[in-house]
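Take a look at the structure below.
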Amino acid sequence: AEFLASCIKCGQCVQVCPVEAIFLADVFDGFGIGVPYIDGRAQACDFSCDAVQCVLACPTGALSHDIDKKEQVRMGLAVLDRPDACLAMKGEGFKGLARGADFPGTHRYVEVDRWKPIPIADHPYDLELCDLCVRECPVKGAIELVPVTEDPNDKRRMPKVNDTCVGCGMCEMICPVDPAAIVIDTLRKGGAA
Numbered sequence: 003a004e005f006l007a008s009c010i011k012c013g014q015c016v017q018v019c020p021v022e023a024i025f026l027a028d029v030f031d032g033f034g035i036g037v038p039y040i041d042g043r044a045q046a047c048d049f050s051c052d053a054v055q056c057v058l059a060c061p062t063g064a065l066s067h068d069i070d071k072k073e074q075v076r077m078g079l080a081v082l083d084r085p086d087a088c089l090a091m092k093g094e095g096f097k098g099l100a101r102g103a104d105f106p107g108t109h110r111y112v113e114v115d116r117w118k119p120i121p122i123a124d125h126p127y128d129l130e131l132c133d134l135c136v137r138e139c140p141v142k143g144a145i146e147l148v149p150v151t152e153d154p155n156d157k158r159r160m161p162k163v164n165d166t167c168v169g170c171g172m173c174e175m176i177c178p179v180d181p182a183a184i185v186i187d188t189l190r191k192g193g194a195a
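Positions 3 to 195 (my numbering) are the ones given, in order, by the sequence shown.
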């Protein structure tokens, strides 16, 4: 409510986002026309800017100017919405393109290019156990895989979301199952950084 009251819908946050993760709501989106939002499945915030530039660009403080690092952001909380579909929960690996060859989303793969986000469709995976949600999360320790049972031979792992989750949507965007097994609940927030 505070954000909606302060946001003047200027679009400055949209203009500075290096991965174009911020969209402006249309009449059909339910937020109010011109309200900026992030659809994690379409394009997550991977903090490519390193400085939370959307916050710096906000002229009204609708995006709190008290935030100066990604760990302080609170956009929502990741939730394992479809555990039955999660490859890690099934003990399965993943090989191929996380979202297919036609997916336009980008991500900053530090091992490929430290500064420039590249298309997810250009980055194939070959994983014995799917851990994409953990592997690509830009916030260290926000999500981890924990054993489903105490049996050391059981390969199944459950994504456990910790309080440090900022709700950036990277896990939802990179999840190779459709619809995503893990999603961002924007009504819930992680703990204090």
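Each residue gets a CB set at the ideal place from its N, CA and C atoms; glycine is no exception.
Inset, instruction - Check whether the Cβ atoms of Leu-89 and Pro-178 sit closer than 8 Å, and answer yes or no. - result: yes
Legend entry - Cβ separation of Gly-192 and Leu-79, assumed to be a contact under 8 Å, to the nearest whole Å: 5 Å
Legend entry - Complete runs of the alpha helix (DSSP H) confined to the region 33-91 [at least 4 residues]: 55-59
Inset, instruction - Report the partner residues of Leu-147 according to the DSSP bridge assignment. - result: Pro-161
Legend entry - Cβ neighbours of Glu-138 in the same chain (closer than 7 Å, five flanking residues each side left out): His-109, Met-172, Ile-176
Inset, instruction - Between the Cα of Gly-107 and those of Trp-117, Glu-113, Pro-121, spot the shortest distance and give me the residue it belongs to. - result: Pro-121
Legend entry - Among Pro-20, Cys-167, Ala-182, nearest to Val-75 - alpha-carbon criterion: Cys-167
Legend entry - C-beta atoms of Ala-87 and Phe-105 nearer than 8 Å: no
Inset, instruction - Pull up the distance between the alpha-carbon of Ala-195 and that of Cys-60, whole angstroms please. - result: Confidence at Ala-195 is low in this model, with a pLDDT of 46, below 50, so the placement of that residue should be treated as unreliable; the coordinate-derived value is given next. The alpha-carbon atoms of Ala-195 and Cys-60 are separated by roughly 22 Å.
Inset, instruction - In the DSSP assignment, find the unbroken beta strand (DSSP E) run with Phe-25 in it and report its ends. - result: 24-26
Legend entry - Lys-92 to Arg-158 span [Cα, whole Å]: 6 Å
Inset, instruction - Measure the C-alpha to C-alpha separation of Gly-36 and Leu-26 and round it to an integer number of angstroms. - result: 5 Å
Inset, instruction - Let me know if Ala-100 comes out buried or exposed under the rule of 16 or more other beta-carbons within 10 Å of its beta-carbon. - result: buried
Legend entry - In DSSP terms, what Val-185 is bridged to: Val-81
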